[in-house]
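Heads up, the thing below is written out as structure tokens.
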Amino acid sequence: MKTLPIQPVPSDIALGRRLHPLRERRHFTLEQVAERTGFSKGFISRVERDLTSPSVQSLVTLCQVLGINPGQLLDAPEVSVVEFTSAPRVDLGGAGIVERLITPPTQRDIQIIHMTVDGHGHGEEEPYTMNCTTESVHVITGSFVVRTSAEEFTLAAGDTLTFPGAEPHTWRNPTGEKAEVLWVLTGVS
Numbered sequence: 001m002k003t004l005p006i007q008p009v010p011s012d013i014a015l016g017r018r019l020h021p022l023r024e025r026r027h028f029t030l031e032q033v034a035e036r037t038g039f040s041k042g043f044i045s046r047v048e049r050d051l052t053s054p055s056v057q058s059l060v061t062l063c064q065v066l067g068i069n070p071g072q073l074l075d076a077p078e079v080s081v082v083e084f085t086s087a088p089r090v091d092l093g094g095a096g097i098v099e100r101l102i103t104p105p106t107q108r109d110i111q112i113i114h115m116t117v118d119g120h121g122h123g124e125e126e127p128y129t130m131n132c133t134t135e136s137v138h139v140i141t142g143s144f145v146v147r148t149s150a151e152e153f154t155l156a157a158g159d160t161l162t163f164p165g166a167e168p169h170t171w172r173n174p175t176g177e178k179a180e181v182l183w184v185l186t187g188v189s
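Take full-length UniProt numbering: the final residue in the sequence shown is number 189, and no numbers are missing along the way.
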């Protein structure tokens, strides 16, 4: 079973950056939240600007007033951009391939690999599995063949194949032309 390198998620959480838009979406003013929590408007404002960190009890109180679970606030994903030219290269085996991880290496829910496959490039000879729940292969340009334990699928530009990560498979570019492929892995562990 193959895995991609996963980096730990940074622990520096900016609660205020997440709390402020939640308050506004619920159409609460600082005054209304202050009234309902018993906190001062200044304290709430400092929390929303990440100038102070609330205690666990204060955070729970703020979340109750806003009608959210504290975990929802703490676990909110950060938005990130991976520039293609800076995307780290990965090597999952095979020949004639350049593979780049175009999602953040800290991301565990989904990982997307951009593959440029030379003419007649291929994966490993023996079928393999990935350490994930689901895989999807989307062909951007060219032609691509994926062989699973049950069947061989020939894909053209625009086609997408989806199968369980536990399904043994391998692949190849059947032509002499380059192919460009997105390989999407969900539920990466």
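Built from N, CA and C at the ideal position, the CB exists for glycine as well.
Where does residue i fall in DSSP's three states?
i, result
"residue 37", "helix"
"residue 27", "coil"
"residue 60", "helix"
"residue 94", "coil"
"residue 108", "coil"
Using a threshold of 7 Å, state whether the C-beta atoms of residue i and residue j are closer than that.
i, j, result
"residue 92", "residue 138", "no"
"residue 112", "residue 184", "yes"
"residue 165", "residue 123", "no"
"residue 121", "residue 69", "no"
"residue 168", "residue 133", "no"
Count the other CB atoms within 10 Å of the CB of residue i; is the residue buried (16 or more) or exposed (fewer)?
i, result
"residue 117", "buried"
"residue 35", "exposed"
"residue 101", "buried"
"residue 151", "exposed"
"residue 72", "exposed"
"residue 17", "exposed"
"residue 191", "Nothing about residue 191 can be read from this structure; the chain reaches only from 1 to 189."
Can you pull the DSSP bridge partners for residue i?
i, result
"residue 160", "138"
"residue 101", "113"
"residue 147", "152, 170"
"residue 122", "95, 172"
"residue 182", "114, 138"
Shorter than 6 Å, the distance from the beta carbon of residue i to the closest heavy atom of the ligand ZN, or not?
i, result
"residue 174", "For the structure depicted, the ligand ZN is absent and the ligand set is empty, with no information on it obtainable."
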